[in-house]
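Heads up, the thing below is written out as structure tokens.
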Amino acid sequence: MLDRRDFVSQLLIDRGDLLVVSGLGSATYDVAAAGDHPLNFYLWGAMGGAAMIGLGLALARPKSRVAVLTGDGDMLMGLGSLATIGVKQPRNLAIVVLDNAHYGETGMQPSHTQAGVDLVAMALACRFTHARAVSRIAEAAAVRALLHAGDGPILVSARIGSDDVPRVLPLRDGHVIKQRFVAALNSV
Amino acid sequence: MRVRSSLHTTTDIEASWPDAIYAQFRRVGVRQVGYVPDAGHSRLIALCRDDPDIADVVLTTEEEGVGLVAGAALGGERAALLMQSSGVGNCINMFSLLRNCGFGCVVLVTMRGEFGEFNPWQVPMGAITEDVLRLAGFLTYRVEQADAVDEIVGAGCDMAYAGDLQVAILLSQRLIGPKQWTR
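Chains as they are written, first to last, in numbering that gives the first Met the number 0: chain E, 0 to 187; chain B, 0 to 182.
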């Protein structure tokens, strides 16, 4: 099992111009904890939408790399997005599911992945170029390399522990998050 | 690119209203179009699919399109959504993304469950579609006549993309024609 904060921090080391979308709840807190950045688009809602935001961004910016970091609950709510992404085959899009097999924001109820529902198999069935599960911190460097140079679409299911970690709260005003992101991207 | 009503017969206009929408997409530089396949939008979908400057994104459910619009806008591109009135109901919570962040968006809604509808199962959602859109923060405009499509869609696109507003244009079932039960 991975320590979620350690894993996300290692993914975002020396991130350069990587564009990051974080799913609501703990994924947003993890990305914030790794260091605030203007090219982070933090979600605080819109559950089920993170992967599709990544697709729209990847299509708009084919020369940039786009990483969606989100939880298993968000990904499960947007499973159809995997099929939609599979049709478009964005080479520059990677999704990292921080999978603790629980709905952490609502009281740690078990999620579908705890019962063995397999997001990696779903991604492969949806024509993702690369999909794998990781559970050891030694694999973080390889996942980071995929985010920066892998041939997408990519999905990584990161098996993280279900320990409670302190919340790290980033910007919450959606207009500010958007404007800051757009301004930073214009100067890339 | 504009369809000018003075140059077309009534029949031309009735057949070409999707072309007028497409011409407006070209004029304002729409680069991504998300849709769930729909008979009323079939000609417009075909026009977008044939355009190498437009990424056409077929969705499994309409709410995916809301995320698509947001991502496109973050990347500096304008995106529009095509859906049937029933699809509006699938989007309600996701629409909060557009409102919270001020993502400009044009949604073209082909109406079911109103004028001449044969299928009563379409009526409950069709009857509340415009109210739902307004409650979700959209400006809504209805189009009843083919010769008004160009002007209304053009005005809607300008408001949405220049002002980061959410605009929905409801294409009435009277304009589209009732769904043909047999082909």
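Think of the CB as a built atom: it goes at the ideal place given N, C-alpha and C, for glycine as much as any other residue.
*Would you verify that the beta carbon of A82 (chain E) is, or is not, closer than 8 Å to some beta carbon of chain B?*
Position 83 of the first sequence holds residue 82 (chain E). Yes, its Cβ sits closer than 8 Å to a Cβ of chain B.
*Of the choices B:S84, B:G101, B:P51, whose alpha-carbon is the least far from that of Y34 (chain B)?*
Stepping through the second sequence from its first residue, residue 34 (chain B) is reached at position 35. Residue B:S84 is the option with its Cα nearest to Y34 (chain B).
*Quick one: using the 10 Å Cβ neighbour count with 16 as the cut-off for buried, is G77 (chain E) buried or exposed?*
For this step, residue 77 (chain E) is matched to residue 78 along the first sequence. Buried.
*Take the Cβ of G125 (chain B) as the centre, count every other Cβ of all protein chains shown within 10 Å, and call the residue buried at 16 or more, exposed below.*
As a first step, residue 125 (chain B) is located in the second sequence; it is residue number 126 there, counting from the start. G125 (chain B) is buried by the Cβ-count criterion.
*asked:* Give me, in chain order, the residues of the same chain whose beta-carbon lies closer than 6 Å to that of S63 (chain E); leave out the 5 immediate sequence neighbours on both sides.
replied: If you number the first sequence from 1, residue 63 (chain E) lands on position 64. The answer, listed in chain order, is L18.
_Chain-ordered neighbours of G70 (chain E) on chain B, where CB pairs are closer than 7 Å_ = Position 71 of the first sequence, counting from 1, holds the residue named residue 70 (chain E). Correct list: empty, because the minimum Cβ distance to chain B is about 15 Å.
*asked:* List, from N- to C-terminal side, the beta strand (DSSP E) runs of 3 residues or more that fit wholly inside the segment 42 to 88 of chain B.
replied: Listed in chain order, they are 54 to 57, 77 to 83.
*Find the nearest neighbour of F94 (chain B) within the set B:A54, B:I53, B:L138, judged by alpha-carbon distance.*
Residue numbering aside, residue 94 (chain B) sits at position 95 when the second sequence is read from its first letter. Of the candidates B:A54, B:I53, B:L138, the one whose C-alpha sits nearest the C-alpha of F94 (chain B) is B:L138.
*Based on the DSSP secondary-structure assignment, which residues constitute the bridge partners of I94 (chain E)?*
Here residue 94 (chain E) refers to the residue found at position 95 of the first sequence. DSSP output for I94 (chain E) lists E:V67, E:L154 as bridge partner(s).
*In chain order, which continuous runs of the alpha helix (DSSP H) of length 4 or greater are located wholly inside the segment 100 to 159 of chain E?*
118 to 124, 139 to 148
_Where A59 (chain E) meets chain B, residues with beta-carbon distance less than 9 Å_ = Taking the first sequence and counting its residues from 1, the one referred to as residue 59 (chain E) is at position 60. By Cβ distance, chain B contributes R30, Q31, A54, G70, A71, A72, L73, G74, G75, E76, A78.
*Whose Cβ in chain B lies nearer than 7 Å to the Cβ of G48 (chain E)?*
Position 49 of the first sequence, counted from the start, is the residue given in the question as residue 48 (chain E). Here the neighbours are V65, G66, M93, L96.
*Which class does L194 (chain B) belong to by DSSP, given the choice of helix, strand or coil?*
The question about residue 194 (chain B) has no answer here: the residues shown for chain B are numbered 0 through 182.
*Straight-line CA distance for M46 (chain E) to C104 (chain B)?*
As a working note, residue 46 (chain E) is residue 47 in the first sequence. As a working note, residue 104 (chain B) is residue 105 in the second sequence. Whole-angstrom Cα-Cα distance: 19 Å.
*Who are the neighbours of V86 (chain E) on chain B, taking C-beta pairs under 8 Å?*
Indexing the first sequence from 1 puts residue 86 (chain E) at position 87. The answer, in chain order, is V56, V57.
*asked:* Going by C-alpha to C-alpha distance, which of E:G48, E:M107, E:A59 sits closest to L191 (chain E)?
replied: Limits of chain E in this structure are 0 at one end and 187 at the other, which puts residue 191 (chain E) out of reach.
*asked:* Taking the straight line between their C-alpha atoms, what separation do you get for Q121 (chain B) and A124 (chain E)?
replied: The sequence position of residue 121 (chain B) within the second sequence is 122, counting from 1. The sequence position of residue 124 (chain E) within the first sequence is 125, counting from 1. The straight-line gap from Cα to Cα measures roughly 33 Å.
*Can you give the Cα-Cα distance for G151 (chain E) and F127 (chain E), rounded to whole angstroms?*
Your numbering for residue 151 (chain E) matches position 152 in the first sequence. Your numbering for residue 127 (chain E) matches position 128 in the first sequence. Spanning the two alpha carbons is a distance of roughly 7 Å.
*G75 (chain B) to N92 (chain B) span [Cα, whole Å]*: Residue mapping note: residue 75 (chain B) aligns to position 76 of the second sequence, counting from 1. Residue mapping note: residue 92 (chain B) aligns to position 93 of the second sequence, counting from 1. C-alpha separation (whole angstroms): 24 Å.
*Is the segment 139 to 154 of chain B touching the segment 21 to 29 of chain B in the sense that three or more CB pairs, one from each, lie closer than 8 Å?*
yes
*Could you tell me if T105 (chain E) is buried or exposed, where buried requires 16 or more neighbouring beta carbons within 10 angstroms of its beta carbon?*
For the purposes of this step, residue 105 (chain E) is identified with residue 106 of the first sequence, where counting begins at 1. Result: exposed.
*asked:* What does the alpha-carbon distance come out to for the pair E129 (chain B) and V108 (chain B)?
replied: On the second sequence, residue 129 (chain B) is found 130 positions in, with the first residue counted as 1. On the second sequence, residue 108 (chain B) is found 109 positions in, with the first residue counted as 1. It is roughly 10 Å from the alpha-carbon of E129 (chain B) to the alpha-carbon of V108 (chain B).
*Unbroken stretches of the beta strand (DSSP E), 3 residues or longer, contained in the segment 2 to 81 of chain E*: 18 to 21, 39 to 41, 65 to 70
*Any chance the segment 63 to 83 of chain B sits against the segment 34 to 46 of chain B, with 3 or more Cβ pairs inside 8 Å?*
yes
_When E:L168, E:D16, E:A183 are compared against A32 (chain E), the one with the closest alpha-carbon_ = For the purposes of this step, residue 32 (chain E) is taken as residue 33 along the first sequence, with counting starting at 1. Out of E:L168, E:D16, E:A183, E:L168 has the C-alpha closest to the C-alpha of A32 (chain E).
_Taking the beta strand (DSSP E) that A168 (chain E) belongs to, which residues open and close that run?_
Along the first sequence, read from residue 1 onward, the residue named residue 168 (chain E) stands at position 169. Per the sequence shown, the amino acid found at residue 168 (chain E) is Leu instead of Ala. Note, L168 (chain E): premise wrong, no beta strand (DSSP E); not H, not E.
*Could one say the Cβ of M107 (chain E) lies closer than 8 Å to chain B's Cβ atoms, at least one of them?*
For the purposes of this step, residue 107 (chain E) is taken as the residue at position 108 of the first sequence. No, M107 (chain E) does not count as interfacial toward chain B.
*Out of B:R77, B:G115, B:T60, which has the shortest C-alpha to C-alpha gap to M158 (chain B)?*
Mapped onto the second sequence, residue 158 (chain B) falls at position 159. Looking at the Cα atoms, B:R77 is the closest of the given residues.
*What residue does the alpha helix (DSSP H) around Q178 (chain E) start on, and which one ends it?*
The residue labelled residue 178 (chain E) in the question sits at position 179 within the first sequence. Here the alpha helix (DSSP H) through Q178 (chain E) covers 173 to 185.
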